[in-house]
């Protein structure tokens, strides 16, 4: 594991990922168009895509269980490149048998996820005041470390110094990545806020009121939308990048527009593991897929920092903001921003949907 000398304590699992003995067989049926998109964007075969989705479903269940049972010793979890192995980190070597019993590979690390998140929290607290020029920081569970992305080493060092974090626990990565919110002041499809265009995330209800979640930078509370007609009821940006729009008179559906316009049914909102495949839908670039790289990343846009984002290798472009991120049939979040584009490839961040639902007391529309 490089920075921390983590020790893999069990042999790597062969494909497919081994389920816990009590687990039922996974539902391997993929939403329409998802297999084709995974083949295209991940460069894998149809059989590999189907197997990957099944493995990822097992991994999400195992990670959820282990994060609870391991408690304060849990160091995070991630899938390997082809999603055949779920690696689960722990600071307690005695926990290895329990991890193996869930079909995962234990990795002994020096720091728990709680400790790493606390270090990242120190960076979050000083970022706005420090204005160091760092553009992104996150917990890298596979490296058991916190990473700061910055245009120069000096900019990354300045943020670490301002936060007074132990430099042995933080790695500065020099990068030209400059995330920008994906909003476009050009008309198109999806929904509009005046002359601006963004993308619907997921259908929701609050009580009997239908609506949808989207990115906070798309509009402020009170802003009016068209196609569908609605009103922003709550919006947070920067800090967060989420909002919800009440759209009375419209019918909420459990669908996301997938490849070629096919409808993908949303079944729930269980968070997928680091290393899992993920697809996003937006009004500019349509259906695009990639891999979850990190959860709980902090991004600094020109307007300020946004916390708790998930970083992915799926591409996006202006106008895709607010659009859906989905893994299998599970809603993951709404598009915030990123770098690059779908011609050369890029990195895109989403605000986790469960945080939005909790913030506004919303119910996700599922099929």
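Numbering (mature numbering (1 follows the signal peptide of the UniProt record, and there is no 0)), first residue to last: -21 to -1, 1 to 346.
Where a beta carbon is used, it is the ideal one built from N, C-alpha and C, also for glycine.
Burial state of residue i, where buried means 16 or more other Cβ atoms lie within 10 Å
i, result
"residue 26", "exposed"
"residue 283", "exposed"
"residue 6", "Low confidence applies here, because residue 6 scores a pLDDT of 48, under 50, leaving its location unreliable; read the following figure in that light. Residue 6 is exposed by the Cβ-count criterion."
"residue 132", "exposed"
"residue 22", "exposed"
"residue 178", "buried"
"residue 206", "exposed"
"residue 209", "buried"
"residue 272", "buried"
"residue 240", "exposed"
"residue 155", "exposed"
Residue i versus residue j - alpha carbon distance
i, j, result
"residue 316", "residue 158", "6 angstroms"
"residue 295", "residue 217", "20 angstroms"
"residue 142", "residue 285", "17 angstroms"
"residue 128", "residue 147", "16 angstroms"
"residue 244", "residue 106", "39 angstroms"
"residue 126", "residue 144", "12 angstroms"
"residue 75", "residue 85", "5 angstroms"
"residue 263", "residue 51", "42 angstroms"
"residue 337", "residue 104", "22 angstroms"
"residue 184", "residue 136", "45 angstroms"
"residue 59", "residue 302", "27 angstroms"
"residue 44", "residue 77", "11 angstroms"
"residue 333", "residue 252", "15 angstroms"
"residue 117", "residue 47", "22 angstroms"
"residue 134", "residue 277", "15 angstroms"
"residue 65", "residue 191", "33 angstroms"
"residue 53", "residue 153", "29 angstroms"
"residue 326", "residue 62", "20 angstroms"
Endpoints, alpha helix (DSSP H) assigned at residue i
i, result
"residue 17", "13 to 21"
"residue 77", "75 to 80"
"residue 145", "That residue, residue 145, is in no alpha helix (DSSP H); it is neither H nor E in DSSP."
"residue 332", "332 to 339"
"residue 29", "25 to 49"
Closest residue to residue i among the options (Cα-Cα distance)
i, options, result
"residue 280", "328, 261, 169 and 262", "328"
"residue 18", "313, 195 and 258", "258"
"residue 323", "20, 15, 10 and 14", "20"
"residue 227", "256, 244, 325 and 182", "182"
"residue 305", "233, 285 and 277", "233"
"residue 55", "30, 269 and 94", "94"
"residue 260", "119, 150, 180 and 342", "180"
"residue 28", "14, 41, 36 and 331", "14"
"residue 288", "43, 201 and 115", "115"
"residue 342", "154, 242, 223 and 326", "223"
"residue 189", "211, 59 and 225", "225"
"residue 292", "299, 300, 318 and 196", "318"
"residue 130", "138, 212 and 192", "138"
"residue 299", "119, 175, 155 and 10", "175"
"residue 57", "172, 71, 73 and 36", "36"
"residue 72", "119, 196, 235 and 89", "89"
"residue 274", "172, 255 and 297", "255"
"residue 235", "290, 344, 100 and 91", "344"
"residue 290", "308, 331 and 335", "331"
"residue 308", "230, 120 and 247", "247"
"residue 42", "221, 12 and 83", "83"
Endpoints, the beta strand (DSSP E) within which residue i is located
i, result
"residue 368", "No statement about residue 368 is possible, as the shown extent of the chain runs from -21 to 346 and does not include it."
"residue 128", "124 to 129"
"residue 53", "53 to 58"
"residue 321", "Note, residue 321: premise wrong, no beta strand (DSSP E); not H, not E."
"residue 182", "182 to 185"
Cutoff 8 angstroms: residue i Cβ touching any chain D Cβ
i, result
"residue 316", "As a matter of chain content, chain D is missing from the structure shown, which is built from one protein chain."
At what residue ranges does the stretch 262 to 302 contain a whole run of the beta strand (DSSP E), taking only runs of 3 or more?
Within the stretch 262 to 302, the complete beta strand (DSSP E) segments of 3 residues or longer fall at 265 to 280 and 283 to 291, listed in chain order.
4-residue-minimum alpha helix (DSSP H) runs that sit fully inside the stretch 201 to 254, ordered along the chain:
With a minimum length of 4 residues, no continuous alpha helix (DSSP H) run stays inside the stretch 201 to 254.
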